[in-house]
Each structure stands twice: as structure tokens, then as C-alpha cells.
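2 protein chains.
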Amino acid sequence: MGKRVTVEDIARELGISSMTVSRALNNRPHVNDVTREKVLNAAKRLGYVQNHIAKSLVLRKTNVIGIVIPKISHFFFSEVIRGIESVTFQHGYQLLLTHSAESTDRESQAIRTLESQRVDGILISTAQNVADYDVYRQALARSTPLVFFDRCVFDLGASCVHIDDRESARLLAAHFVQHGYQRIAHLAGPHLVSIGKERLEGYRMALEAHGIPYDESLVVTSGFNERGGYEAMAPLLDRPDGARPDAVVAVNDPAAFGAMKAIKDRGLRIPQDIAVGGFTDDPRAEMVEPGLTTIRQPAYEIGVRAAEQLINHINTGQADAEDIIISSQLVIRRSCGCGAENSPPASPDRAE
Amino acid sequence: MGKRVTVEDIARELGISSMTVSRALNNRPHVNDVTREKVLNAAKRLGYVQNHIAKSLVLRKTNVIGIVIPKISHFFFSEVIRGIESVTFQHGYQLLLTHSAESTDRESQAIRTLESQRVDGILISTAQNVADYDVYRQALARSTPLVFFDRCVFDLGASCVHIDDRESARLLAAHFVQHGYQRIAHLAGPHLVSIGKERLEGYRMALEAHGIPYDESLVVTSGFNERGGYEAMAPLLDRPDGARPDAVVAVNDPAAFGAMKAIKDRGLRIPQDIAVGGFTDDPRAEMVEPGLTTIRQPAYEIGVRAAEQLINHINTGQADAEDIIISSQLVIRRSCGCGAENSPPASPDRAE
DNA sequence: TTGTACGCGTTATCAA
DNA sequence: TTGATAACGCGTACAA
Chain U
1 MGKRVTVEDI ARELGISSMT VSRALNNRPH VNDVTREKVL NAAKRLGYVQ
51 NHIAKSLVLR KTNVIGIVIP KISHFFFSEV IRGIESVTFQ HGYQLLLTHS
101 AESTDRESQA IRTLESQRVD GILISTAQNV ADYDVYRQAL ARSTPLVFFD
151 RCVFDLGASC VHIDDRESAR LLAAHFVQHG YQRIAHLAGP HLVSIGKERL
201 EGYRMALEAH GIPYDESLVV TSGFNERGGY EAMAPLLDRP DGARPDAVVA
251 VNDPAAFGAM KAIKDRGLRI PQDIAVGGFT DDPRAEMVEP GLTTIRQPAY
301 EIGVRAAEQL INHINTGQAD AEDIIISSQL VIRRSCGCGA ENSPPASPDR
351 AE
Chain V
1001 MGKRVTVEDI ARELGISSMT VSRALNNRPH VNDVTREKVL NAAKRLGYVQ
1051 NHIAKSLVLR KTNVIGIVIP KISHFFFSEV IRGIESVTFQ HGYQLLLTHS
1101 AESTDRESQA IRTLESQRVD GILISTAQNV ADYDVYRQAL ARSTPLVFFD
1151 RCVFDLGASC VHIDDRESAR LLAAHFVQHG YQRIAHLAGP HLVSIGKERL
1201 EGYRMALEAH GIPYDESLVV TSGFNERGGY EAMAPLLDRP DGARPDAVVA
1251 VNDPAAFGAM KAIKDRGLRI PQDIAVGGFT DDPRAEMVEP GLTTIRQPAY
1301 EIGVRAAEQL INHINTGQAD AEDIIISSQL VIRRSCGCGA ENSPPASPDR
1351 AE
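The structure is reproduced here in C-alpha cells:
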């Protein structure tokens, strides 16, 4: 930062006090109209830009909200960010973006950095192997409002915005069961992260409800990306004919895409040989061949609600934590082989 | 922000001066080992978190870099952000993310906000209707380093990181010409933004080089999203048989996807009736049916180079502006009907 | 090795 | 309506 124009400079220029300048610049009362005019002109002429750093220091409020994203490249998260931004923009907050890259170490570091930056609150979706909750507790103890989204940690007294992952997974798995699939595999997320746990549990519930025994060997941890989905399919596809799964419920769409590629690479057909389902409703889901049946998570809305909740916490000091559940939707396409082509809005409608 | 522990608090607790505490916490020399140990213990015990705001104020350096993104939901930009983040993380910079939403007003506001936040530098890709360069000039005049990426403004003395848009568009259009297409349309970006201008120019050059007259009615401004691409196709598809274009070069992939949908909705085939090409290499390009021939822009690398260049400017005061050209690549898939299936890395390899 | 004085740029407070 | 003073939390410069 080079030499910058300060209120002091403007005050000196006009032969008045810096307080009057400050009042004029901030549209505060008790300033003579003529004086105000002179101040604004001088500010423009000198190229004054308010120093928000100094303002934050004295006001003890930065108007900055921190975000911790586990995987920037995931479409879901970029949509959440878009939702968050729309709300924070309206409320005059800025966004400090950090990336944990699925690492708990980097996540902890990010949270500490955000606290150090004195953000007014933090929006976070945990890294996939989250295990130690101390860093969250500490932030909360220092009264930094925290709101989780999608990947949550419950019982910390922090709000969380997410879909009903368990019920959604149950619904998806039940859909396969009801259409006659017998050996339904699950590509699972890491079991430490909320959505991994919940989606697995929903899958189990669906099987149980329909009297299908839970077979541990049909559950393979894939993680959340394409490569993981691809690799997790190997042990399942290596099974002999008749022992191979006839359907796969993936923990999310990227994993499902990887699985679909693995299935095709073996020369098998989707859904005739193996049906596939996912989670997210990634833009690719309607373009992949065949279209991917999936649970649509309204990412933009999740971002909006999370940001609103956080700002609410910020304003009310410490409002009660809420568990906010956003409704999801089963989108049926051809990958599940269940006939109905209940297509989602086509591409042109994805644009704003 | 609630009541926070300060260096003063620690100093009082230990009966020493705040300077010694500051030195100890920052790993500076001239501190007795025993004293340092005591300070670090007390800091941990009291839950001290450095106030980066105060530090920034006194050091006149925030270690924050501002980003201005025209369209968060565009895959290309989320990849750029990922690249930027990888560099800034390594160098200890934080990211303040702003969104112009393609509005020049919001963009100007964003830049002023970032200046107000005293970011050490700004990375920006302009809004599509950029026309007034004053806000950039002012930022530069106040010695806020500025680096453009993808959508640039030249001749301002700011660095710019981008592919060779003109040459890439020329290459793509020439590819169509060489494969016998005669009536090649162009879905153009707004003509005010660099990539809109350059890509149109490359398209013209390719036609000219092959003796095909430039037909203004074959150039329709689509903007950068799916809906724009879809709608821009209407006048082209409304032409009678024989006057319809036999190929379309879209300004980017989202527009190309919209165009493909429009073509299919008319019951026409790709590429037999109309061939399509795009720009970006969006993840959907290899999944759409048929696969989209496109110019691959290495988004991640663009982000990396832009961030490196900015940090370089920050460190060297004001190094010379550079025009940094990242090499792009023509990825041939089936949408251009040119045979060669030069497939890009498959999905599983997209993951990190 | 440790401490004192001061300034970073702004606003709140209280006095004029 | 305006101004003087102090404070936000920290680090630099210099003194002890």
C-alpha cells in the first residue's frame, strides 16, 4: 500500500477537524450542508478511499464473513458460494474464502486464520476426515458465530443447513429396491463426515425395510470424487457373474460418474447390467449417457439459508442454534432403468 | 466480536511488557527462552488469537488479495479460483472474493470495496459489458497492483494472463473450414469484452484466409451462458433449408451447450446437420452427446500464473506489466464431425 | 534481553 | 454544528 489519503489529509486541506470529515463521509447528522459538500468534493478530488481496516479496528466489527470450503472444484460448492454471495452482498458483508482441500489440518489452520482476521462469522462445510471438534468449540467459545452447511457437526450449539441426507439416501435406495434390484451396492463417503454416515444409514434403512440383508462387502468407501468412484467399483466388478451388484448408490454425483465410467470400461451396460444413482444433481448428470438418477440438493438455496442464518446469529449476538433442513428431490433419469424420464429443467434454464 | 485476549492481557498476566509478548509470539529474536515459553503457554491458556486487523493497520500490509469474478457459477472460474488459491495459500495470502455478476456497476463497487479493505492486490476478470476503464486506472494510480485474467483490459499497464483467444478461435474455425463446412456461424460474446472481440476476430480471420466471405447475419451475440446460446440459435435455425449454417463456433462451452440443445430441439442432428464447437473444455463437454469439440483453456494454470504474477508485483513494488499467454489446445470430439476422436483425459483423471 | 513512547486511520465520547 | 481527546491492538524505533 502506497501513501494513501486519510481523513486527516482532507481535514487539513479544508482547515477543519477530522471528526467533521468523518461525519460528512459517513452521512452522519450534525454536519452543515455546505461543509459536507466541501468534504465530499475534497474527498473525490484527492482520491480518498476509506480505510476499512482502521474502521474495523475501532468498531470491532469487520463486516467480513469467512468461508471454509472442502473442495472448491466441486460444482455443488461453487453453487453454494453463489448463494452465500447473493445474501452477503445484499447485507454489505465481504467474503473471505478459504479452502481446506479435504484436509483437517488445513481446515483448522483456515479457521484460526479467519478468527485472526476477526471475521464476524464463519460458514463451514467440514473436511471429509473431520474427527477433532475442538477447533469449532474454541471458535464458538470465543463467540465467533459458526454455521455449518452440507457437511455438519451437530451438538456443538452451531446451526446447520443441509438436506435430510438419511431420508434422501433411503428414498433413493428404496427406489432401486422397489424396481426389483436385489444386490444394491453403496459407494460410501468417509464414515467420519456427516453426509457419509447419514447416507450410508439411509441406504441400510431402505434395505432393512424391504427385508434385504445388509451385506458389508457391497459397501465400498469411494470418497467424493470421480477417481474414487472409479476405483471403488473394481472389487465390485471383479465379482463373478451373478454375484456382481445389479445397482449402485453412490454417495455423490462425481463418484457416480466415476462408477459409470468403470462400468462402461468393463463393457457392461447401464442400467441393464448395473443401475446407478447419485447425489447432488451436478450439471453433468443430465448430460452423461445415460442420464444419472440422483438426489437434487438445492445448492444455491443452501448457501442462501446458511448465510442468512449466520447474519442472523451475528446480529442477535447468539441466537439459538437451528438445524435447518432444505428439501431435496429425487430426480429420475435413465441410469436407474426405472422408465419414467422425469427430466429436470434443461440446460438453458440453468443459467440465471 | 466479543471481548478478546490481547498481547496486553498476556503481558499483564505475566508481569512483563507487551513488547516482549509480541516478540515471543512472532518468533522474533531477543527474547529469553524461558520468557518465550511462558508467553506461549499463557497465550494458549488464555486462548489468544492474534488480531490481524491491528497488525495490518500498523504494518500497512494486509496479506489479503482481492478477486473479482464475473460469474461464480461458471466452471471455468471455479477452476481459476482453485489455481489462485493454491498459490496464495503457499504464500500466506488470504482471498477476499467478490462477484460482479457481469454487471459493470457491481464490478466498480467491488473494486472500490477491495481498495477500502486495503487488499495488497487485485485479480480480476472483467464483466461482459466493461466499457469504462477509469476504475482500473484509479486503482493502479493508487498503486494497488492489478492483474487481469481471461477477460482483460490491455494498455493500462496491468499484467494479463490469458490464452491466445484470437489464434485459438482462428484455429477452431479453420478446423471447420478444412473439413468442408461452408456456412459457419458464430455465437459471439459481447463485443466490449476482450474475449468477445478476439474470438470474433479469430473467426473472421479463418474465413478470410480460406476465401469465405464474412456474412454478418451468421454472427449472433449469445453472451456466455446456456440460455444465451439457446436463444441465439433461433434466427439461425429459422433460416430455410440450404441457408442454415452447417456449423457453429460458440464463444464458450455453455453457449455451445445451449446451441446443441436448440439444434436437437429442432430435430436436427449434430454434427450431420450442424456441427458445433466451443471454448473452455467444461467438464460437460465430454459427457454431452455428441462430445463437444472445444478449445481447452487451462483454467487452473491461468489462476496459478495470475496469482504468481500479482504476488510478484506486490513484492517488487511495481514490476513491469506482462502479457502472459497460456497455451490452449484444440480438443476434437464428435460434435465437429471430423472423425478423429482425440479424447481428453477421462473423468476419473479430472480429480486432483 | 526488556521496556517506553508513539503511530497506523478511524470513530465514540464528551465538551465547546 | 464542530472539535479535542482517547481508544481500538499491534509493531517500530529507540532507550535502558
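Going down the list, the protein sequences come from chains U and V.
Under the working numbering, think of the first position of the first sequence as 1, with each following residue one higher.
Under the working numbering, think of the first position of the second sequence as 1001, with each following residue one higher.
Glycine residues also receive a C-beta, built at the ideal position from the N, C-alpha and C atoms.
Predicted model, so just to flag it, every value in this text is computed and none were measured.
Which whole-angstrom value describes the C-beta separation of E129 of chain U and G92 of chain U, a residue pair presumed to lie in contact below a C-beta threshold of 8 Å? Your numbering for residue 129 of chain U matches position 129 in the first sequence. Your numbering for residue 92 of chain U matches position 92 in the first sequence. The question names Glu, but residue 129 of chain U in the sequence shown is Asn. Between G92 of chain U and N129 of chain U the Cβ distance is about 36 Å, and since that is not below 8 Å, they are no contact.
Just to confirm the assignment: which complete alpha helix (DSSP H) runs, minimum length 4, are found wholly within the stretch 184-256 of chain U? 194-209 and 226-237
Beta-carbon separation of A307 of chain U and F279 of chain U under 8 Å? Here residue 307 of chain U is taken as the residue at index 307 of the first sequence, counted from 1. Here residue 279 of chain U is taken as the residue at index 279 of the first sequence, counted from 1. Contact flag unset, no.
Flag this pair as touching only if the stretch 1230-1238 of chain V and the stretch 1258-1273 of chain V have three or more C-beta atom pairs under 8 Å; answer yes or no. Verdict: yes, contact present.
Helix, strand or coil for R1004 of chain V per DSSP? Stepping through the second sequence from its first residue, residue 1004 of chain V is reached at position 4. Residue state, collapsed to three classes: coil.
Can you list, in chain order, the residues of its chain with a C-beta nearer than 6 Å to that of T1098 of chain V? Leave out the 5 residues immediately preceding and following it. One-based indexing of the second sequence puts residue 1098 of chain V at position 98. So the qualifying residues of the chain are V1068 and A1110.
What does T294 of chain U reach in chain V if we use C-beta pairs closer than 7 Å? Here residue 294 of chain U refers to the residue found at position 294 of the first sequence. Those do not exist, as T294 of chain U stays about 14 Å from chain V at its closest Cβ, beyond 7 Å.
What would DSSP say about R269 of chain U, mapped onto helix, strand or coil? By 1-based counting over the first sequence, the position of residue 269 of chain U is 269. Of the three classes helix, strand and coil, the one that applies to R269 of chain U here is coil, per DSSP.
Indicate whether the contact test is met: 3 or more Cβ pairs, each with one atom in the stretch 310-325 of chain U and one in the stretch 118-126 of chain U, closer than 8 Å. yes
Counting only beta-carbon atoms, is L187 of chain U nearer than 8 Å to chain V? Position 187 of the first sequence, counting from 1, holds the residue named residue 187 of chain U. No, L187 of chain U lies away from the interface with chain V (no Cβ there is under 8 Å from its Cβ).
Determine the chain U residues that contact L1095 of chain V at a beta-carbon separation under 8 Å, and present them in chain order. Position 95 of the second sequence, counted from the start, is the residue given in the question as residue 1095 of chain V. Chain U residues near L1095 of chain V: L96, L97 and T98.
Among V:S1100, V:D1215 and V:I1314, whose alpha-carbon lies nearest the alpha-carbon of Q94 of chain U? If you number the first sequence from 1, residue 94 of chain U lands on position 94. Here the closest residue by C-alpha is V:S1100.
Quick one, which residues of the stretch 31-63 of chain U are near chain V if we go by CB-CB under 8 Å, in chain order? G47, V49, Q50, N51, H52, I53, A54, S56, L57, R60, K61 and T62
Residues of chain U with CB closer than 8 Å to the CB of Q1138 of chain V, please, in chain order. For this step, residue 1138 of chain V is matched to residue 138 along the second sequence. Those are G47, listed as they occur along chain U.
Short check: CB of P283 of chain U to CB of R1334 of chain V, under 8 Å? Residue mapping note: residue 283 of chain U aligns to position 283 of the first sequence, counting from 1. Residue mapping note: residue 1334 of chain V aligns to position 334 of the second sequence, counting from 1. When the beta-carbon positions are compared, P283 of chain U and R1334 of chain V stay at least 8 Å from each other.
Cβ-based neighbour list, M205 of chain U, same chain, cut-off 6 Å, excluding 5 preceding and 5 following: One-based indexing of the first sequence puts residue 205 of chain U at position 205. R170, listed in sequence order.
Output, in chain order, the set of chain U residues within a Cβ distance shorter than 8 Å of R1142 of chain V. Counting from 1 along the second sequence, the entry for residue 1142 of chain V is found at position 142. The contacting residues are G2, R4, G47 and V49.
Going by the CB atoms, is the gap between I326 of chain U and I163 of chain U shorter than 8 Å? Residue mapping note: residue 163 of chain U aligns to position 163 of the first sequence, counting from 1. Residue mapping note: residue 326 of chain U aligns to position 326 of the first sequence, counting from 1. Against a cut-off of 8 Å, the Cβ pair of I326 of chain U and I163 of chain U comes out as a contact.
A1275 of chain V in three-state terms, based on DSSP: Mapped onto the second sequence, residue 1275 of chain V falls at position 275. Strand, per DSSP.
Would you grab the beta carbon distance between I1274 of chain V and P1245 of chain V for me? Rounded to a whole angstrom, and I think it's under 8 Å. Position 274 of the second sequence, counting from 1, holds the residue named residue 1274 of chain V. Position 245 of the second sequence, counting from 1, holds the residue named residue 1245 of chain V. Correct: roughly 6 Å between the Cβ atoms.
Members of the stretch 156-183 of chain U that neighbour chain V once the beta carbon cut-off is set at 8 Å: Taking 8 Å as the Cβ-Cβ cut-off against chain V, none of the residues of the stretch 156-183 of chain U qualify.
The stretch 30-46 of chain U in contact with the stretch 1030-1039 of chain V per 3-pair CB rule at 8 Å: no
Would you tell me roughly how many angstroms separate the C-alpha atoms of S103 of chain U and A127 of chain U, rounded to the nearest one? In the first sequence, residue 103 of chain U corresponds to position 103, counting from 1. In the first sequence, residue 127 of chain U corresponds to position 127, counting from 1. Put simply, the backbone Cα of S103 of chain U is about 6 Å away from that of A127 of chain U.
Please state whether DSSP places Q1109 of chain V in a helix, a strand or coil. Position 109 of the second sequence, counted from the start, is the residue given in the question as residue 1109 of chain V. Q1109 of chain V: helix per DSSP, three-state reduction.
Got a sec, what are the start and stop residues for the alpha helix (DSSP H) S18 of chain U sits in? As a first step, residue 18 of chain U is located in the first sequence; it is residue number 18 there, counting from the start. It spans S18 to L25 - the alpha helix (DSSP H) in which S18 of chain U sits, taken as one unbroken run.
So what does H124 of chain U bridge to, in DSSP terms? Your numbering for residue 124 of chain U matches position 124 in the first sequence. At residue 124 of chain U the sequence reads Ile, which differs from the His that was named. Among the bridge pairs identified by DSSP, I124 of chain U is matched with U:V68 and U:F148.
The beta strand (DSSP E) enclosing Q1329 of chain V, as first and last residue numbers: Locating residue 1329 of chain V in the second sequence gives position 329, counting from the first residue. Q1329 of chain V -> beta strand (DSSP E) spans Q1329 to V1331.
So, for I10 of chain U: in the same chain, excluding its five sequence neighbours on each side, which residues have a beta-carbon less than 7 Å away from its beta-carbon? Looking up residue 10 of chain U in the first sequence gives position 10. Closer than 7 Å at Cβ, skipping near neighbours: V21, V39, A42, A43, L46 and Y48.
Taking all protein chains shown into account, do 16 or more other C-beta atoms lie within 10 angstroms of the C-beta of V58 of chain U, making it buried, or fewer, making it exposed? Taking the first sequence and counting its residues from 1, the one referred to as residue 58 of chain U is at position 58. V58 of chain U is exposed by the Cβ-count criterion.
S335 of chain U in three-state terms, based on DSSP: In the first sequence, the residue the question calls residue 335 of chain U occupies position 335. DSSP places S335 of chain U in helix when its eight states are reduced to three.
CA-CA distance, P348 of chain U and S1073 of chain V? Here residue 348 of chain U is taken as the residue at index 348 of the first sequence, counted from 1. Here residue 1073 of chain V is taken as the residue at index 73 of the second sequence, counted from 1. Because P348 of chain U carries a pLDDT of 36, less than 50, the predicted location of this residue cannot be relied on, and the following value inherits that uncertainty. Their backbone Cα atoms lie some 14 Å apart in a straight line.
How close, in whole Å, do the beta carbons of R1082 of chain V and G1303 of chain V come, if the pair is a contact with beta carbons under 8 Å? In the second sequence, counting from the first residue as 1, residue 1082 of chain V sits at position 82. In the second sequence, counting from the first residue as 1, residue 1303 of chain V sits at position 303. Rounded, the Cβ-Cβ distance is 6 Å, consistent with contact.
Quick one: which chain V residues come within Cβ less than 8 Å of E289 of chain U? For this step, residue 289 of chain U is matched to residue 289 along the first sequence. Per Cβ cutoff of 8 Å: M1287 and E1289.
Assigned exposure category for F954 of chain V - 16 Cβ within 10 Å defines buried: This structure cannot speak to residue 954 of chain V, because chain V is shown only from 1001 to 1352.
Is S17 of chain U buried or exposed, if buried means 16 or more other CB atoms sit within 10 Å of its CB? If you number the first sequence from 1, residue 17 of chain U lands on position 17. It counts as exposed.
N1032 of chain V versus V1007 of chain V: straight-line alpha-carbon distance, rounded: Along the second sequence, read from residue 1 onward, the residue named residue 1032 of chain V stands at position 32. Along the second sequence, read from residue 1 onward, the residue named residue 1007 of chain V stands at position 7. Whole-angstrom Cα-Cα distance: 17 Å.
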